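Below is one structure, written out as structure tokens; the observations come after it.
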Amino acid sequence: MGRRIVVRLGDVTVRAMLNDTPAARALAERLPLTLRMCASTVGCCGALSFSLPAGPGLVHRGWVDGDLNYNPAGGWLAIFFDDERNSMRYGDQLTIGRVEGPLEPLRALEGRLDALIETDERRGTPETD
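By the UniProt record's numbering, the letter at position 50 of the sequence shown is numbered 50, and the numbering carries on one by one without gaps.
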């Protein structure tokens with residue numbers, strides 16, 4: 001079973017569920033974590049200062065909107081919220097989680113942001129603040 005996390009990007013807070021991959025478990029062990037991220041038209045991404053385990057059998061092409069992915073070659077973490085239809089052109093993706101709730105608040109983000117990623121201690125129904 002995965003672990004719920006909260007990602008705070010400026011005024012936007014989203015909740016996500018980490019999956020049970022070695023990379024997701026390793027990220028969970030490092031929380032809380034502040035990561036400088038850059039918002040684009042497809043997602044928010046930032047370079048980690050450490051590596052996560054990435055078995056080659058879990059690395060794939062593309063994403064589904066709402067995925068939380070790790071890129072082993074670049075060492076970055078991304079929350080994707082758009083362009084799923086064209087994402088197969090991007091390789092080296094390792095999905096480690098999924099946003100729970102609407103993606104629209106993420107689409108409104110711009111520029112560089114400090115993201116605070118921490119364990120979600122709440123219980124109950126997942127929702128977006």
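C-beta atoms are modelled at their ideal positions from N, C-alpha and C, and glycine is treated no differently. These numbers come from a predicted model, not from an experiment.
| Check | Outcome |
| --- | --- |
| With DSSP collapsed to three states, give me the class of ASN19. | coil |
| When you compare the CB positions of GLU118 and PRO32, do they come within less than 7 Å of one another, or not? | yes |
| Output the boundary residues of the alpha helix (DSSP H) element that contains LEU106. | 104 to 107 |
| Measure the beta-carbon distance from ASP67 to THR95 and round it to whole angstroms, keeping in mind my assumption that it falls under 8 Å. | 5 Å |
| Bridge partners of MET88, per DSSP? | In the DSSP output, where bridge partners are listed per residue, MET88 has none listed. |
| Could you work out which residue in ARG8, ALA24, GLU104 is closest to GLY55 when comparing CA atoms only? | ALA24 |
| Could you name the residues of the same chain whose beta carbon sits closer than 7 Å to that of ALA26, not counting the 5 residues immediately before and after it, in chain order? | LEU52, PRO53 |
| Whose C-beta lies closer than 7 Å to the C-beta of ARG3 among residues of the same chain, with five residues either side of it excluded? | LEU18, ALA28, THR119 |
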